[in-house]
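Number of protein chains: 2
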Amino acid sequence: MTEDRGPAKKPPMRDVLAEAAFALFMERGFERTTVDDIVASAGVGRRSFFRYFPSKEDAVFPDHERCLADMTAFLEAAGEGDPVEAVCDAARLVLRMYAEKPEFSVQRYGLTREVPGLRTYELSVVRRYERTMAGYLERRWAGAPDAALRAEVIAASVVAAHNNGLRSWLRSGGRGDAGAEVDRALELVRAVWGSAAERPPAPAAEDEVIVMIAPKGAPMWRVVQRVEAALDEERGTTER
Amino acid sequence: MTEDRGPAKKPPMRDVLAEAAFALFMERGFERTTVDDIVASAGVGRRSFFRYFPSKEDAVFPDHERCLADMTAFLEAAGEGDPVEAVCDAARLVLRMYAEKPEFSVQRYGLTREVPGLRTYELSVVRRYERTMAGYLERRWAGAPDAALRAEVIAASVVAAHNNGLRSWLRSGGRGDAGAEVDRALELVRAVWGSAAERPPAPAAEDEVIVMIAPKGAPMWRVVQRVEAALDEERGTTER
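Line by line, the protein sequences give chains A and B.
Just so we're aligned: the first sequence equals residues 1 to 240 in full-length UniProt numbering.
Just so we're aligned: the second sequence equals residues 1 to 240 in full-length UniProt numbering.
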């Protein structure tokens, strides 16, 4: 999609349209606002709208296409590190998009909860992020047993964790640290799945072992956190 | 929703309509089939259709509402066992619905992949299953730290694993054992999260410990599987 950013002083037409559309959606409601209303408010022709947005729904979420493209590029450029860390970082790109415009994001969250068509639209977008992440993980694990299964389960976990953190922040009215909420949520996924990925084989010989002692009643995710912590500690002292 | 099952010999009107609709969708395509075509084929009036189905999309998935109700009832009746096991079993209710009608399920899978509106519809339904499971988990863990976060991440994992197994089966043309595919997929989730839930505190005193030895390079999910296996073994010998 090409974007006519126009001369330096004028805001891009695409932004003008998205802003005009959103103002009307908030004022009159999404259903009661027509594309004709939007183009009249923005002072352009009807065809201009469809040049930038395939549908009215797309104008509510003007940044997702860019963010999806950014995520794809980010993952294509990701190095040889832990792939689960990479998809967690990829999810943070989505958060950043929301956090850049707190007021808009919070208002849109309210609008989306009221309009079933927008919720459905959002589900489709979320699904595209999830598939982008799963595709990356599967490529990284190509040939490994259950690569597709693990990729899909982990991508779904990352998306769910991200959305939990994002929603907390949106519900708080966009106050507080969105990044901290999402980091905390993603940490749960990383603790469980982070090394499920492919711990770089170099540092430890195959027959080196970890010995872990934990209370029998401990929940499994705590056990995992302890193993992880122990491994990190070991690495810190012996390999750095 | 009340269902007029009619006299014993005649198939229920709802089924007649769904079958007529599906036959037309396969023959002419989803978009090109109107509700008028469907009611003409079924030999009933237009209002009968909307009495049973809010939209054309709903007629493609006639069993999800019942399955969602079954899942809710199943989880309400679930006992004090591992909540993660309970949601895995709840997911199997969805599988059973697909596996009951292999030919229909496989044909519909093809149709759904061709019609974006049906894919979106399906995403919404899947989301409702996910929320049903997450709601149950959150209630079971009420008051525990991160209850909502864990509930959402695990419900998303269960759904992703279930769908991976279901899709394998659908892609194979509905041949083979759908249950086995899904069991294998859910096992990955159960191994990692099953005890993350709330291992019943009774059997082991707080200060009893498990000692686990694993290769340092082992992926975390293998470590978890071993811890799980060790715990199960212990329980088998000491508590049963």
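Note that beta-carbon positions come from the ideal geometry of N, C-alpha and C, so glycine has one too.
Going by CA-CA distance only, name the one from A:135, A:173 and A:153 that's closest to residue 76 of chain A.
The residue you call residue 76 of chain A lines up with position 76 of the first sequence. Of the listed residues, the one whose Cα sits closest to residue 76 of chain A is A:135.
Could you check whether the segment 119-129 of chain B touches the segment 147-162 of chain A, counting it as contact only if at least three pairs of C-beta atoms, one from each stretch, sit closer than 8 Å?
Here the segment 119-129 of chain B makes no contact with the segment 147-162 of chain A; the two share fewer than three CB pairs at distances below 8 Å.
Under the rule that 16 or more other beta-carbon atoms within 10 Å means buried, what is residue 50 of chain B, buried or exposed?
Taking the first residue of the second sequence as position 1, residue 50 of chain B is located at position 50. Classification for residue 50 of chain B: exposed.
Pull out every residue of the segment 113-139 of chain B whose Cβ sits closer than 7 Å to any Cβ of chain A, in chain order.
120, 123, 124 and 127
Do you know how far the Cα of residue 85 of chain B is from the Cα of residue 97 of chain A?
As a first step, residue 97 of chain A must be located in the first sequence, where it is residue number 97. As a first step, residue 85 of chain B must be located in the second sequence, where it is residue number 85. Cα to Cα, the separation comes out at about 36 Å.
Rounded distance between the beta-carbons of residue 179 of chain A and residue 95 of chain A, thought under 8 Å:
Reading the first sequence from its first residue, position 95 is the one you call residue 95 of chain A. Reading the first sequence from its first residue, position 179 is the one you call residue 179 of chain A. That pair is a contact at about 7 Å.
Identify whether residue 20 of chain A lies in helix, strand or coil by the three-state DSSP scheme.
Against the first sequence, residue 20 of chain A aligns to sequence position 20. In the structure shown, residue 20 of chain A sits in a helix (DSSP, three-state: H, G or I).
Between residue 91 of chain A and residue 28 of chain A, what straight-line distance do the alpha-carbon atoms span, to the nearest angstrom?
Taking the first residue of the first sequence as position 1, residue 91 of chain A is located at position 91. Taking the first residue of the first sequence as position 1, residue 28 of chain A is located at position 28. Straight-line Cα distance between these residues: approximately 33 Å.
Using the beta-carbon of each residue, which ones in chain A are nearer than 7 Å to residue 157 of chain B?
If you number the second sequence from 1, residue 157 of chain B lands on position 157. Those within 7 Å of residue 157 of chain B in chain A are 153, 156 and 157.
With a threshold of 7 Å on Cβ separation, who are the neighbours of residue 72 of chain A within its own chain once the five nearest residues in sequence on each side are excluded?
Translated into the one-based positions of the first sequence, residue 72 of chain A becomes position 72. So the qualifying residues of the chain are 132.
Proximity test, Cβ basis, 8 Å: residue 15 of chain A and chain C
Although the question refers to chain C, the structure presented lacks it and instead comprises the protein chains A and B.
Measuring CA to CA, which of A:173, A:14, A:30 and A:57 is closest to residue 45 of chain A?
Looking up residue 45 of chain A in the first sequence gives position 45. Taking only the C-alpha atoms, the option nearest residue 45 of chain A is A:14.
Any beta carbon of chain B sitting closer than 8 Å to that of residue 244 of chain A?
Coverage of chain A is limited to positions 1 through 240, which leaves residue 244 of chain A absent and any answer about it impossible.
Please report how far the alpha carbon of residue 147 of chain B lies from the alpha carbon of residue 137 of chain B, in whole angstroms.
In the second sequence, counting from the first residue as 1, residue 147 of chain B sits at position 147. In the second sequence, counting from the first residue as 1, residue 137 of chain B sits at position 137. Rounded to the nearest angstrom, the two C-alpha atoms are 8 Å apart.
Between residue 150 of chain B and chain A, is the shortest Cβ-Cβ distance under 8 Å, so that the two count as touching?
Taking the second sequence and counting its residues from 1, the one referred to as residue 150 of chain B is at position 150. Yes, because at least one Cβ of chain A sits closer than 8 Å to the Cβ of residue 150 of chain B.
Residue 36 of chain A: contacting residues in chain B (beta-carbon distance under 7 Å):
As a position in the first sequence, residue 36 of chain A is number 36, starting the count at 1. Here the premise fails: no neighbours, minimum Cβ distance about 24 Å.
Leaving out five residues before and five after residue 101 of chain B in sequence, what residues of the same chain have Cβ atoms less than 7 Å from its Cβ?
Here residue 101 of chain B refers to the residue found at position 101 of the second sequence. Contacts found: none.
Using CA coordinates, which residue listed in A:159, A:177, A:18 and A:113 is at the minimum distance from residue 39 of chain A?
Within the first sequence, numbered from 1, the residue matching residue 39 of chain A stands at position 39. The shortest C-alpha separation from residue 39 of chain A is found at A:18.
Close Cβ partners of residue 181 of chain A (< 7 Å) along its chain, the five nearest in sequence each way excluded
To locate residue 181 of chain A, count along the first sequence from 1; it is residue 181. So the qualifying residues of the chain are 165, 168 and 169.
Give a yes or no on whether 8 Å exceeds the smallest Cβ distance from residue 146 of chain A to chain B.
In the first sequence, the residue the question calls residue 146 of chain A occupies position 146. Yes, its Cβ sits closer than 8 Å to a Cβ of chain B.
What in chain B is Cβ-close to residue 182 of chain A, meaning under 7 Å?
In the first sequence, the residue the question calls residue 182 of chain A occupies position 182. Residues of chain B passing the Cβ test: none, with the nearest at roughly 11 Å.
Contact with chain A by residue 94 of chain B, beta-carbon distance below 8 Å
On the second sequence, residue 94 of chain B is found 94 positions in, with the first residue counted as 1. Chain A, which has no Cβ nearer than 8 Å to the Cβ of residue 94 of chain B, makes this no.
Between which residues of its own chain and residue 173 of chain B is the CB-CB distance below 6 Å, once the five residues before and five after are set aside?
As a first step, residue 173 of chain B must be located in the second sequence, where it is residue number 173. For residue 173 of chain B, the CB contacts under 6 Å within the same chain, skipping 5 residues up- and downstream, are 106 in chain order.
Give the residues of chain B in contact with residue 188 of chain A, contact being defined as C-beta atoms less than 8 Å apart.
What you label residue 188 of chain A is simply residue 188 of the first sequence in a count that begins at 1. Within 8 Å Cβ-Cβ: 146, 149, 150 and 153.
State the start and end residues of the unbroken alpha helix (DSSP H) segment that holds residue 35 of chain B.
The sequence position of residue 35 of chain B within the second sequence is 35, counting from 1. Segment 35-42, the alpha helix (DSSP H) holding residue 35 of chain B.
Which of helix, strand or coil does DSSP assign to residue 131 of chain A?
In the first sequence, the residue the question calls residue 131 of chain A occupies position 131. Three-state DSSP puts residue 131 of chain A in a helix.
Can you give me the Cβ contacts of residue 59 of chain B inside the same chain, cut-off strictly under 6 Å, excluding the 5 residues immediately before and after it?
The count along the second sequence starts at 1 and reaches residue 59 of chain B at position 59. Contacts found: 18, 21 and 53.
Measure the C-alpha to C-alpha separation of residue 83 of chain A and residue 185 of chain A and round it to an integer number of angstroms.
One-based indexing of the first sequence puts residue 83 of chain A at position 83. One-based indexing of the first sequence puts residue 185 of chain A at position 185. Those two C-alpha atoms are separated by around 17 Å.
Between the C-alpha atoms of residue 126 of chain A and residue 65 of chain A, what's the straight-line distance to the nearest angstrom?
Residue mapping note: residue 126 of chain A aligns to position 126 of the first sequence, counting from 1. Residue mapping note: residue 65 of chain A aligns to position 65 of the first sequence, counting from 1. About 11 Å.
Consult DSSP for residue 31 of chain B and reduce its assignment to one of helix, strand or coil.
Start at 1 with the first residue of the second sequence, and residue 31 of chain B comes out as number 31. Residue 31 of chain B falls in the coil class under three-state DSSP.
Does DSSP put residue 169 of chain A in a helix, in a strand, or in coil?
Taking the first sequence and counting its residues from 1, the one referred to as residue 169 of chain A is at position 169. If DSSP states are grouped into helix, strand and coil, residue 169 of chain A belongs with the helices.
Determine whether the Cβ of residue 192 of chain A lies closer than 8 Å to any Cβ atom of chain B.
Along the first sequence, read from residue 1 onward, the residue named residue 192 of chain A stands at position 192. Yes - at least one Cβ of chain B is within 8 Å of the one on residue 192 of chain A.
Between the CA atoms of residue 25 of chain A and residue 26 of chain B - distance to the nearest angstrom:
As a working mapping, residue 26 of chain B is identified with position 26 in the second sequence. As a working mapping, residue 25 of chain A is identified with position 25 in the first sequence. Using only the alpha carbons, I get a separation of about 38 Å.
If distances are taken between C-alpha atoms only, which option among A:104, A:70, A:115 and A:109 comes closest to residue 128 of chain A?
Here residue 128 of chain A corresponds to residue number 128 of the first sequence, with the count starting at 1. Looking at the Cα atoms, A:70 is the closest of the given residues.
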